[in-house]
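The listed protein sequences correspond, in order, to chains A and B. The C-terminal position of the first sequence is numbered 448 in our numbering, with every residue numbered one higher than the one before it. The C-terminal position of the second sequence is numbered 448 in our numbering, with every residue numbered one higher than the one before it. Glycine included, C-beta positions come from ideal geometry on N, C-alpha and C.
2 protein chains.
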Amino acid sequence: ERTRTMVAYARNYCPNVEFSAEDATRSNPEFLYRVFETAIKAGATVINVPDTVGYTTPDEYFELIRKIRENVPNIDQVILSVHCHNDLGMAVANTLAALRAGVSQLECTINGIGERAGNAALEEIVMAIMTRKQNFDVELRVDTAQLYRSSKLLSNITGVVVQPNKAIVGANAFAHEAGIHQHGVLADRSTYEIMTPESIGLNKNTMVLGKHSGRHAFEEHLKTLGYHLDQEELDAAFAKFKMLADKKKSVQDADLEVLVSQKAVEIPAVYQLDRFVINTGNTITATASVRLRRGNGEEELIEKVSIGDGPVYAAFKAIEKIVGVSFVLEDYKVRSVTEGQDALGEAYVKIRRNGKIFTGKGVSTDIFEASV
Amino acid sequence: ERTRTMVAYARNYCPNVEFSAEDATRSNPEFLYRVFETAIKAGATVINVPDTVGYTTPDEYFELIRKIRENVPNIDQVILSVHCHNDLGMAVANTLAALRAGVSQLECTINGIGERAGNAALEEIVMAIMTRKQNFDVELRVDTAQLYRSSKLLSNITGVVVQPNKAIVGANAFAHEAGIHQHGVLADRSTYEIMTPESIGLNKNTMVLGKHSGRHAFEEHLKTLGYHLDQEELDAAFAKFKMLADKKKSVQDADLEVLVSQKAVEIPAVYQLDRFVINTGNTITATASVRLRRGNGEEELIEKVSIGDGPVYAAFKAIEKIVGVSFVLEDYKVRSVTEGQDALGEAYVKIRRNGKIFTGKGVSTDIFEASV
């Protein structure tokens, strides 16, 4: 049948072939056993049993994996893998149930992103295994202290936020609100903390840098946060830090992370913002004049003014006039990254042009500067 | 012992007494059985077995509940309840495992909010039971078509966002991205949809209202969205709608929901925004002049101007001057509610004063108008 031909064909080209039976959890088990047996005979090296639509429950999934191991005679020749979706909120529990049932490959994603309600969250699986070691006969080689940073990095790149009550990496995951809980944690952290913030790389102690901090302190501090920059990057970051420190009384870890992480998503810019002025109010029409610098060598300056229904719209329309292309503003978000009135603002812009989606991000103490 | 005295004392005052054994999942089971037996003898009507720190796994929790039912002789006289936290991402799966083990009260929260990583999410539990009816011997009397709206309402009140990849109520929960999935859904929705968007009250078809829509069409449309306003509320909403329709080409369901849901969180205002003008840019210092109207009868107008590092800060400082109190800006978020450059903006402001936290929210096509 088709499984044999396709797997054999793939095996001619790659040493590793993963065979995945889409929607396995809603399929006839007897049929699944036969398909898997055939795929393994044809050369598959990984057999994946996905819960494609997030339909199964931990007990069912445990049983399914157990029966596959019992009823597919050649299953021990391959790596058995699972891939869970979170449509009913059970992706992590299902993945861990499969682990107990003997699979050796867990497919998951950082922050649980993925199709629809997403896939099983890597950070939750890892910390569950770490926290409940005696339940899982497995050894992990994951540096858990990178989990928090990885989550942040992914959010920065994709613009997909993590809700505050998300397990492990949510802003509140280690925050104790109720008085009785705070009392308990102060007396003995293990009362309410089954894992420490430090274990996921969350550094709660904010060693603060100010405008008088030198380059060496700055570099050392970045290192403790896990950032290793080359000389040029360090110069650029330090210059940004100095400008920021002039505006803000104290620069915190969250500020630094924003400054440094920007670099991860930077693309060479065709236009650079030279200057802008915005006038707005509820009794006047918003106007924006924007001057952009084009190119690197020629240094052409172009300035346009535009009105709009709202300041951001006015600024975008002025930019449209300069750039000469029009686009649809798909999504616009501004959030404060740090606390206080002199906080850093982060603007996330998603625009659509000819069906393509572009995203951009900027950071400044001025939300407009950030947006534009 | 103490359990007996406390429960008996409570029972003197209330007909229903829920006895909860904090951190039950990490306690000695034999001790738990004895405590529960005592509490029931003393008059407890509900026995709660919480997973206080989100530590357990579905199989363990199932076993614990089963053993409690076996080893506490008088357990059948009370309602058995569970309360799960999501620290390892398994709150929903644990709750459902307990349901299969025979508990009859499931404690959960909308959007899964709660201490730290939150509690088991009501919408996920409900839809899991509905979708997998044959697994759970239970009848629910939940109107699932209210789930989406309830989630939105809670987010509006608390300002706690739901991540796009959140199960059931996340923005992407019913979005199919991969081409092969889109193809499958078009051919037959059950291919990738184990539940329909309509089942949770998510109305994808956007019957659009415009500036020429009459009061009757407006009222009828709100009714289909589930909003029943009295005459006065309807008048106010219609006036807002007309103003909005003048600015926007088409008014969508999401716009209407924002207009109407504002009412749920309105508190009588001491000050009202009369007018404001903001000047900002990257080569000038941001200035804001704000005029507020104070009180209802006297109609006192107060105007102040202030500079600030960023336009929002300037406006807030001007307001501080008028109101005469200073506060710390704790969190500031702006997001577009709907698509397009004429989208509605929603500003969420969290300020702190003397250790108390206040939150505010505004909606406008001008993000400043919304913020202020």
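Any C-beta of chain B under 8 Å from that of residue i
i: A:Asn124; result: no
i: A:Ile189; result: yes
i: A:Phe250; result: yes
i: A:Arg369; result: no
i: A:Phe107; result: no
i: A:Thr207; result: yes
i: A:Gly119; result: no
i: A:Glu183; result: no
i: A:Ile360; result: yes
i: A:Ile354; result: yes
i: A:Val381; result: no
i: A:Val154; result: no
i: A:Met319; result: no
i: A:Val202; result: no
i: A:Ala193; result: yes
i: A:Val218; result: no
Chain A within 8 Å of residue i, Cβ atoms only
i: B:Lys242; result: yes
i: B:Thr79; result: no
i: B:Leu172; result: yes
i: B:Gly286; result: no
i: B:Met166; result: yes
i: B:Gln239; result: yes
i: B:Pro134; result: yes
i: B:Gly21; result: Outside the displayed range of chain B (77 to 448) lies residue 21 of chain B, so it cannot be described from this structure.
i: B:Thr101; result: no
i: B:Met23; result: In this structure chain B extends from 77 to 448, so residue 23 of chain B is not present and cannot be described.
i: B:Ala340; result: In this prediction, B:Ala340 scores a pLDDT of 44, lower than 50, which makes its location untrustworthy; the coordinate-derived value is nonetheless stated afterwards. Cβ-Cβ to chain A under 8 Å: no for B:Ala340.
i: B:Tyr268; result: yes
i: B:Tyr131; result: yes
i: B:Asn162; result: yes
i: B:Arg351; result: yes
i: B:Ala197; result: yes
i: B:Gly277; result: no
i: B:Asn232; result: no
i: B:Ala169; result: yes
i: B:Gly290; result: no
i: B:Arg145; result: no
i: B:Arg142; result: no
i: B:Val93; result: no
Where residue i sits in the DSSP three-state scheme
i: B:Arg225; result: helix
i: A:Gln239; result: coil
i: B:Ile201; result: helix
i: A:Asp329; result: helix
i: A:Gly190; result: coil
i: A:Val245; result: coil
i: A:Lys287; result: coil
i: B:Phe352; result: strand
Cα-Cα separation, residue i to residue j
i: B:Leu164; j: A:Ala197; result: 10 Å
i: A:Thr114; j: A:Ser157; result: 17 Å
i: B:Asp331; j: B:Glu296; result: 16 Å
i: B:Val148; j: B:Ile141; result: 11 Å
i: B:Arg351; j: A:Thr361; result: 12 Å
i: A:Ile151; j: A:Tyr109; result: 9 Å
i: B:Arg78; j: B:Glu215; result: 37 Å
i: B:Tyr85; j: A:Phe250; result: 35 Å
i: A:Gly235; j: A:Gly190; result: 14 Å
i: A:Arg192; j: A:Thr300; result: 36 Å
i: A:Phe317; j: A:Asn92; result: 47 Å
i: B:Glu342; j: A:Leu368; result: Low confidence applies here, because B:Glu342 scores a pLDDT of 44, under 50, leaving its location unreliable; read the following figure in that light. Rounded to the nearest angstrom, the two C-alpha atoms are 42 Å apart.
i: A:Asn248; j: B:Tyr224; result: 23 Å
i: B:Gly194; j: A:Ala364; result: 43 Å
i: A:Val245; j: B:Ser103; result: 27 Å
i: B:Gln307; j: B:Leu229; result: 22 Å
i: A:Val125; j: B:Asn241; result: 22 Å
i: A:Ile395; j: A:Asn355; result: 16 Å
Cβ distance (whole Å) where residue i is taken to contact residue j below 8 Å
i: B:Leu320; j: B:Ala313; result: Rounded, the Cβ-Cβ distance is 10 Å, inconsistent with contact.
i: A:Ala243; j: B:Asn162; result: 5 Å
i: B:Ile276; j: B:Met203; result: 7 Å
i: A:Gln239; j: B:Val238; result: 6 Å
Heavy atom of the ligand FMN within 7 Å of residue i beta-carbon
i: B:Lys228; result: The ligand content of the structure shown is nil, which means the ligand FMN is not present either.
Neighbour list for residue i in chain C, Cβ cutoff strictly below 9 Å
i: B:Asn211; result: This model lacks chain C altogether, as its protein chains are A and B.
(request) Please go through the region 89 to 167 of chain B and give each complete beta strand (DSSP E) segment of 3 or more residues, from N-terminal end onward. (result) 94 to 96, 122 to 127, 155 to 160
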